[in-house]
Structure formats: structure tokens, C-alpha cells
Amino acid sequence: MAGLSLGLSAQTDIAFNKDIIVGAERLSKYLPRLEGKRIAIVGNQTSTLGEVHLVDTLLALDIEIIKGFTPEHGFRGLADAGEHVSSTKDEQTGIKLVSLYGSRKKPRYTDLEDVELLIFDIQDVGVRFYTYISTLHYVMEACAEYDVPLLVLDRPNPNGFYVDGPVLEEGFSSFVGMHRVPLVHGMTVGEYAKMLNGEGWLNEGVQCDLTVIPCKKYSHKDYYELPVRPSPNLPNMSSIYLYPSLGLFEGTIVSVGRGTDKPFQMFGHPDISNGGIEFQPQSILGA
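Quick note: the sequence shown, position 141, residue 676 per this note's numbering, numbers continuous.
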């Protein structure tokens, strides 16, 4: 925490990625909302200001953090894809952690009854089957049902410069694709949260008391290199850019490079011949 907590105040905004200031860095916009309240955070290893976790930063500013909620890969991002994430304590701060990945994906009343405001700060990559937006859906639903305000600290979408792929067909909703959006949807988490409210997609159309702290000096045309890997198998921008296409092979027997130093940058299977692979483009209705 050296160098960050010194002189940090509600009047301070800090930019760590060139000119773009992410929502978490805009302390002057949201710190006054937190003071004197019992706060919980939905976060992971991407919830950072520079190299310091948001929880560590807020605790240093005397904000009362009473618990954290963990998505896929856990609070510090150490669990692999699909690995069970258990409810435990954060080893670095001692705060209670409630898992939202496993048998229970939605906060219960008992999880939120002592929470006065919930923060959601997670870096997404803009792909429908990346599960952080599914966690966002259930968090918003619980906040709406139990009257807990939700504060989303927005971050750029590294794949936010285009929209592509088929829209999810009705009847195929699951945790790896809950909403009728294109495969690459082009939105930031904050924009996605506003859409969930605006389209009435939460359970029975309930409305979440939502506030989004947007990024500053960010456009969807901007290149944004993630300062922290969003999950263990997306270690660099090449993997992030190729993930929307190679991620489709995960439901098959084809390997996409997990366990190598280039996940989602290669694919293979013992039955694939050593010869070249040819593809003859064809016009297909709807593609």
C-alpha cells in the first residue's frame, strides 16, 4: 500500500492507465457515499487502484468493509475456471467472503441484511459466456429484492470496440449466457447493468437502486490494456481478443491451450492431422 494511502482523500482521482480513469479511481465521486456506512464488495483480483486492491484502499481510508462476495476464480483470482469457490475469509484483511460461484450464485437475505451499500467492481471482457455479467445479474436482483443500493465502479471493455456474433436464442439461458445479447456485446459492466434495469430483465422486472461511476476520458474506440489479468487463463491481450472465438471450443474435446503459456491462442486435438486446415466461406442466412 506504500505510496497510495499517503495523501489519498475524497478529492483525489488517480489515473493508472494513461488518460483513462476507471470508476474505482474516481474517489471524489463515490467516497462520500461510503462514509459512515457498512459496505460490502463484489470483487476479485481486478478490483484495483494501481497495484492495490480496492478493499485494501478503502480500509486504509477508514471505510467499514464488512464482507466481500466472490465470483468465479475467487476474491484474489486464484481459482481456475469452473473450480469450486468456497465461502471463507480473505487472508490479507480477515473480512468474511461469501461465494457466488458454486451451488449458490445469488446473495441471500442473510448475506445482505447488515449491508447498507454494495459495491460491484470487476473487470469484464465483453463476452456473453464470461460469467461475471451473470454474477452481476444475480447481485442486482438480490439488491432489488432486499432494498440494498448497488454502486457499480465501471471499467473499460477491452472488446468494446465492436459488436459481433449471434444473439442468444430464447430457451437457452444459463449461467454462461443469461441474456439475449450478441456473443460480443460491446458494453462495459456499468452499461450492461443499466441495460438489465432498463429492459426489465431482472426477476419479475424488479428495479435495482443502481448508481454507476463511469470511466473518465474513455471511448469505445480507445485501446485499453488491462493492468491485471481478468482470470487465470486470460493472461494477456492476445488471449482476451481471441477468447470470443476460441472460447466456443470449450464445450468440445478440442484443447484451447489451457495449461500452456498461450491459452486461447491455440487449439488442438490428437485426431487433427498435421496437414493444413481449409475453410471455404459460404453465405449462411443470419451469419
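C-beta atoms are modelled at their ideal positions from N, C-alpha and C, and glycine is treated no differently.
To the nearest angstrom, how far is it from the Cα of residue i to the Cα of residue j?
i    : j    : result
K564 : S818 : 50 Å
L593 : F784 : 40 Å
L685 : Q800 : 36 Å
R561 : G585 : 12 Å
Y589 : S582 : Residue identity check: residue 589 is Leu in the sequence provided, not Tyr. The alpha-carbon atoms of L589 and S582 are separated by roughly 5 Å.
V851 : P701 : Past the edges of the chain, shown from 536 to 822, lies residue 851, and the structure says nothing about it.
E651 : E704 : 37 Å
G706 : T670 : 19 Å
P805 : W736 : 43 Å
I555 : V724 : 16 Å
S790 : R611 : 26 Å
G721 : D699 : 8 Å
V711 : T666 : 6 Å
H619 : L781 : With a pLDDT of only 49 at H619, under 50, the local geometry of the prediction cannot be trusted, and the value read off the model is given with reservation. So the alpha carbons of these two residues sit roughly 23 Å apart.
Y681 : F604 : 16 Å
E734 : V683 : 20 Å
I807 : Q815 : 18 Å
R639 : V633 : 10 Å
L569 : S766 : 28 Å
I775 : G792 : 13 Å
L745 : K729 : 8 Å
Q627 : E813 : 51 Å
Y727 : T623 : 29 Å
L777 : G558 : 26 Å
From this set, the options, which residue's C-alpha is nearest residue i's C-alpha?
i    : options                : result
Y697 : P779, S582, E586, G786 : P779
D659 : L652, D597, L783, I668 : I668
S773 : N694, L589, Y681, L569 : N694
S754 : P767, D689, G786       : D689
I630 : F664, D591, E648       : D591
G637 : R611, D625, E607, I788 : E607
P798 : W736, I556, R764       : R764
C750 : V687, T628, L635       : V687
S709 : W736, D699, F664       : F664
P567 : K752, T795, A728, I748 : I748
G803 : L820, T787, D625       : T787
K752 : V633, F604, P691, Y681 : P691
L731 : P770, S766, I775, A679 : A679
G794 : T628, L769, L745, E726 : L769
D649 : Q627, K572, T623, K624 : K572
D625 : K602, E813, P767       : K602
L635 : L647, Q627, T628       : L647
Does DSSP put residue i in a helix, a strand or coil?
i    : result
H672 : helix
G637 : coil
D656 : strand
G786 : helix
G558 : helix
L820 : coil
G538 : A caution first: G538 carries a pLDDT of 32, below 50, which makes its placement in the model unreliable, though a value can still be read off. If DSSP states are grouped into helix, strand and coil, G538 belongs with coil.
Looking at residue i and the ligand FMN, is the gap between the Cβ and the nearest heavy atom below 7 Å?
i    : result
S582 : Annotation note on the ligand FMN: not contained in the displayed structure, which lists no ligands.
Between the region 637–645 and the region 756–767, do at least 3 Cβ pairs fall closer than 8 Å? no
Does the region 731–744 come close enough to the region 672–690 that 3 or more CB-CB pairs lie under 8 Å? yes
Give the list of continuous beta strand (DSSP E) stretches no shorter than 3 residues that lie fully inside the region 691–776. You should have 699–702, 717–719, 745–748.
Quick check on the DSSP output: what are the complete beta strand (DSSP E) runs of length 3 or more inside the region 560–631, in order along the chain? 573–578, 599–605
Give a yes or no on contact between the region 706–720 and the region 592–606, applying the rule of three or more CB pairs nearer than 8 Å. no
Would you call the region 567–583 and the region 646–657 in contact, with 3 or more CB pairs under 8 Å? yes
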